[in-house]
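Participant: Just so you know, the sequence shown maps onto residues 0 to 407 in numbering that gives the first Met the number 0.
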Amino acid sequence: MDEDEADATKLGRRIRQLRGRMSQDTLSRRIGFHRTRISKAENGDLPSADLCGALDEFWQTGGELQAWQARLGDRLDDREAATNRRQMFELSAAGLIAAETYRRRTRIGPDALTLAELDDAIDQHAAVFTTTPHAVLAPRVYRTWTSAEALLDTGAKARAQAKLTAIAGYSAYMLSRLAFNLGDHSSSRRFVTQASDHADQIDEPVLAASVAAMSATLAFYGGQHTAAVDAARRAPDHPYTRARLAAYEARALAALGDLDGTHAALTRMRHATVETQPRPGSSPFGAANAEWFSAGLLARFGRGREVEPIARDAVDAFDSGRAVGFEDHGHALLVLATTLLCRDQPEPAEAAALGGRTLALLTASPTHSLVSRVARLAADLAPYRAIPEVTDFREQLTATGRRALMER
Numbered sequence: 000m001d002e003d004e005a006d007a008t009k010l011g012r013r014i015r016q017l018r019g020r021m022s023q024d025t026l027s028r029r030i031g032f033h034r035t036r037i038s039k040a041e042n043g044d045l046p047s048a049d050l051c052g053a054l055d056e057f058w059q060t061g062g063e064l065q066a067w068q069a070r071l072g073d074r075l076d077d078r079e080a081a082t083n084r085r086q087m088f089e090l091s092a093a094g095l096i097a098a099e100t101y102r103r104r105t106r107i108g109p110d111a112l113t114l115a116e117l118d119d120a121i122d123q124h125a126a127v128f129t130t131t132p133h134a135v136l137a138p139r140v141y142r143t144w145t146s147a148e149a150l151l152d153t154g155a156k157a158r159a160q161a162k163l164t165a166i167a168g169y170s171a172y173m174l175s176r177l178a179f180n181l182g183d184h185s186s187s188r189r190f191v192t193q194a195s196d197h198a199d200q201i202d203e204p205v206l207a208a209s210v211a212a213m214s215a216t217l218a219f220y221g222g223q224h225t226a227a228v229d230a231a232r233r234a235p236d237h238p239y240t241r242a243r244l245a246a247y248e249a250r251a252l253a254a255l256g257d258l259d260g261t262h263a264a265l266t267r268m269r270h271a272t273v274e275t276q277p278r279p280g281s282s283p284f285g286a287a288n289a290e291w292f293s294a295g296l297l298a299r300f301g302r303g304r305e306v307e308p309i310a311r312d313a314v315d316a317f318d319s320g321r322a323v324g325f326e327d328h329g330h331a332l333l334v335l336a337t338t339l340l341c342r343d344q345p346e347p348a349e350a351a352a353l354g355g356r357t358l359a360l361l362t363a364s365p366t367h368s369l370v371s372r373v374a375r376l377a378a379d380l381a382p383y384r385a386i387p388e389v390t391d392f393r394e395q396l397t398a399t400g401r402r403a404l405m406e407r
């Protein structure tokens, strides 16, 4: 046995030592080389550089086997063999670069568990959005958003990038909604712009439609009613968000005095209501929401007595637990109060009592839209200030104060 053969045998024994109790078949599956090549290498045949490179990679030996193979190969003085060896070494070097590139890319972005945890967090935020005080929920959503954005900044493979973009987009949408409800409209616009940018990058119609709904809300409360209509109409159509967008369109059209357009949008809204579990994006818009929304808009057109029954149905749905959400519950109460005032024989005492119930909700879970609506009810009740129930409500509101409500 010459020196080359002896060293090849030693290399084979080293490979056999590293394999340990693992079978050749198992090792073959792990590294992607046929078992016969492994067997020949262990029995003293000089293994190829790519096989040694794969074994070094698998056992993390720091290139030991490949260096050994290269030393043995250097002793071959056949020109053709030398040429083949150089080509093989170059290919092996390229393979090592490819392996390192793969490892680097797999280290970029989140692992599957991190993605799953962030995805679960978004689902959990959506599930409790309408039942958790916004000041409590906001820090949780913010943590999810910053985690997703930080991972996006590091770069990620395409599939993970799309998932992270969705998570960041939904988080930014929720933060926009939370900021609005906590009275910070500037932050709300910033977050909805971020959410819109993410929605543009991926195919998530619910996210895009939810962003449109938030944009319509910001426009509406900013007095830009035509822009609110446009935002609602430009949104992607999806069964989950269809009713809410129709409602927001109707709200803006009512503010513009377009009664026919309001009726048409409300009809579409009622036909599109969904009774389903919350998912990321806008909250579900069910029958109770449609009832108080219709009643509130139509009452302002002087149809308070006509729509009072559906307003009472909406309040009953929330009172009984058939519908949930403190903000929608408060709106239902205030809409019923409005219907009691917008008719030929007003009932200011009951309206004031409903306002008091809403204040109790606001004390625990304030939102900008409810605070604004309570203030409007107080203004509507001004002509009846001599009635004891109205006096009590107005004094309660004064004692609490709008600013104090939003700072709770």
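The C-beta atom is built at its ideal place from N, Cα and C for all residues, glycine as well.
As the structure is a prediction and not an experimental result, all values here were calculated from the model.
(1) Give me, in chain order, the residues of the same chain whose beta-carbon lies closer than 7 angstroms to that of Gly62; leave out the 5 immediate sequence neighbours on both sides.
(2) Let me confirm a value: Thr240 is counted as buried when at least 16 other C-beta atoms fall within 10 Å, else exposed. Which label applies?
(3) Under three-state DSSP, which class holds Leu114?
(4) For Gly222, which of helix, strand or coil comes out of DSSP?
(5) Exposed or buried, what is Thr164 when buried is set at 16 or more other beta-carbons lying within 10 Å of its beta-carbon?
(6) Which residue comes first and which comes last in the alpha helix (DSSP H) that contains Cys51?
(7) Straight-line CA distance for Ser371 to Ala111?
(8) Should Ala147 be labelled buried (16 or more other beta-carbon atoms within 10 Å of its own) or exposed?
(9) Give the DSSP-derived three-state secondary structure of His33 in the structure shown.
(10) Can you give me the C-alpha to C-alpha distance between Val389 and Val140, rounded to a whole angstrom?
(11) With distance defined between alpha-carbon atoms, name the residue in Leu358, Ala316, Ala126 nearest to Ala398.
(12) Alpha carbon to alpha carbon, what distance is there between Leu339 and Glu307?
(13) Taking only runs that begin and end inside the region 150 to 186, name each unbroken alpha helix (DSSP H) of 4 or more residues, in chain order.
(14) Does the region 219 to 228 come within contact of the region 191 to 211, defined as at least 3 CB pairs closer than 8 angstroms?
(15) Taking 6 angstroms as the limit between beta carbons, can you name the residues of its chain near Phe392, skipping five residues before and five after?
(16) Beta carbon of Ala53, beta carbon of Ala69: below 8 angstroms?
(17) Can you check which of these residues, Pro138, Ala167, Leu136, Arg142, is closest to Leu151 by C-alpha distance?
(18) Which residue comes first and which comes last in the alpha helix (DSSP H) that contains Tyr247?
(19) Apply the 10 Å Cβ neighbour rule to Gln344 and answer buried if 16 or more other Cβ atoms are within range, or exposed otherwise.
(20) Would you report the Cα separation of Glu290 and Ala313, rounded to the nearest angstrom?
(21) Name the two residues that bound the continuous alpha helix (DSSP H) containing Ala267.
(22) DSSP three-state call for Ala230: helix, strand or coil?
(23) Which runs of the alpha helix (DSSP H) fall wholly inside the region 260 to 332 and span at least 4 residues, in chain order?
(24) Since Leu360 and Gly329 are thought to touch, with beta carbons under 8 angstroms apart, how far apart are those beta carbons, to the nearest angstrom?
(25) Assuming Arg243 and Met213 make a contact with CB atoms under 8 angstroms, what is their CB distance in whole Å?
(26) Let's see if you can read the secondary structure: which residues bound the alpha helix (DSSP H) around Glu388?
(27) Report the rounded CA-to-CA distance for Gly324 versus Met21, giving the unit in angstroms.
(28) Starting from the Cα of Ala316, find the closest Cα among Ser209, Ser281, Glu274 and give me that residue.
Facilitator: Working from what's here:
(1) Residue numbering aside, residue 62 sits at position 63 when the sequence shown is read from its first letter. Contacts found: Asp55.
(2) Here residue 240 refers to the residue found at position 241 of the sequence shown. Per the 10 Å Cβ criterion, buried.
(3) Mapped onto the sequence shown, residue 114 falls at position 115. DSSP, read as helix, strand or coil, puts Leu114 in helix.
(4) For the purposes of this step, residue 222 is taken as residue 223 along the sequence shown, with counting starting at 1. In the three-state DSSP reduction, Gly222 falls in the coil class, being neither helix nor strand.
(5) Taking the sequence shown and counting its residues from 1, one reaches residue 164 at position 165. So Thr164 counts as buried.
(6) One-based indexing of the sequence shown puts residue 51 at position 52. Its alpha helix (DSSP H) spans residues 48 to 58.
(7) Mapped onto the sequence shown, residue 371 falls at position 372. Mapped onto the sequence shown, residue 111 falls at position 112. Approximately 44 angstroms between the Cα atoms of the pair.
(8) Start at 1 with the first residue of the sequence shown, and residue 147 comes out as number 148. When all chains shown are included, Ala147 counts as buried.
(9) Here residue 33 refers to the residue found at position 34 when the sequence shown is read from its first residue. It is coil, neither helix nor strand.
(10) Working through the sequence shown from its first residue, we reach residue 389 at position 390. Working through the sequence shown from its first residue, we reach residue 140 at position 141. CA-CA distance, Val389 to Val140, rounds to 39 angstroms.
(11) Here residue 398 is taken as the residue at index 399 of the sequence shown, counted from 1. Measuring from the Cα of Ala398, the nearest candidate turns out to be Leu358.
(12) Your numbering for residue 307 matches position 308 in the sequence shown. Your numbering for residue 339 matches position 340 in the sequence shown. For Glu307 and Leu339, the distance between alpha carbons rounds to 7 angstroms.
(13) If one requires a minimum length of 4 residues, the alpha helix (DSSP H) runs lying completely within the region 150 to 186 are 157 to 180, in chain order.
(14) Because the criterion of three Cβ pairs below 8 angstroms is not met, the region 219 to 228 and the region 191 to 211 do not touch.
(15) Translated into the one-based positions of the sequence shown, residue 392 becomes position 393. The answer, listed in chain order, is Ala351, Gly354, Gly355.
(16) Position 54 of the sequence shown, counted from the first residue, corresponds to residue 53. Position 70 of the sequence shown, counted from the first residue, corresponds to residue 69. It is not a contact, given that the beta carbons lie outside the stated cut-off.
(17) Working through the sequence shown from its first residue, we reach residue 151 at position 152. Out of Pro138, Ala167, Leu136, Arg142, Ala167 has the C-alpha closest to the C-alpha of Leu151.
(18) Here residue 247 corresponds to residue number 248 of the sequence shown, with the count starting at 1. For Tyr247, the enclosing alpha helix (DSSP H) begins and ends at 241 to 254.
(19) What you label residue 344 is simply residue 345 of the sequence shown in a count that begins at 1. Exposed, by the Cβ-count rule.
(20) Reading the sequence shown from its first residue, position 291 is the one you call residue 290. Reading the sequence shown from its first residue, position 314 is the one you call residue 313. The alpha-carbon atoms of Glu290 and Ala313 are separated by roughly 6 angstroms.
(21) Your numbering for residue 267 matches position 268 in the sequence shown. It should be pointed out that residue 267 corresponds to Arg in this sequence rather than to Ala. Counting along the chain, the alpha helix (DSSP H) containing Arg267 begins and ends at 258 to 271.
(22) Here residue 230 refers to the residue found at position 231 when the sequence shown is read from its first residue. Of the three classes helix, strand and coil, the one that applies to Ala230 here is helix, per DSSP.
(23) Whole alpha helix (DSSP H) segments, 4+ residues: 286 to 298, 303 to 319.
(24) Position 361 of the sequence shown, counting from 1, holds the residue named residue 360. Position 330 of the sequence shown, counting from 1, holds the residue named residue 329. About 5 angstroms separates the CB atoms of Leu360 and Gly329; that is less than 8 angstroms, so the two are in contact.
(25) Counted from its first residue, the sequence shown places residue 243 at position 244. Counted from its first residue, the sequence shown places residue 213 at position 214. Wrong, their Cβ atoms sit about 10 angstroms apart, outside the cutoff.
(26) The sequence position of residue 388 within the sequence shown is 389, counting from 1. Counting along the chain, the alpha helix (DSSP H) containing Glu388 begins and ends at 387 to 399.
(27) As a position in the sequence shown, residue 324 is number 325, starting the count at 1. As a position in the sequence shown, residue 21 is number 22, starting the count at 1. Straight-line Cα distance between these residues: approximately 59 angstroms.
(28) The residue labelled residue 316 in the question sits at position 317 within the sequence shown. For Ala316, the closest of Ser209, Ser281, Glu274 by C-alpha to C-alpha distance is Glu274.
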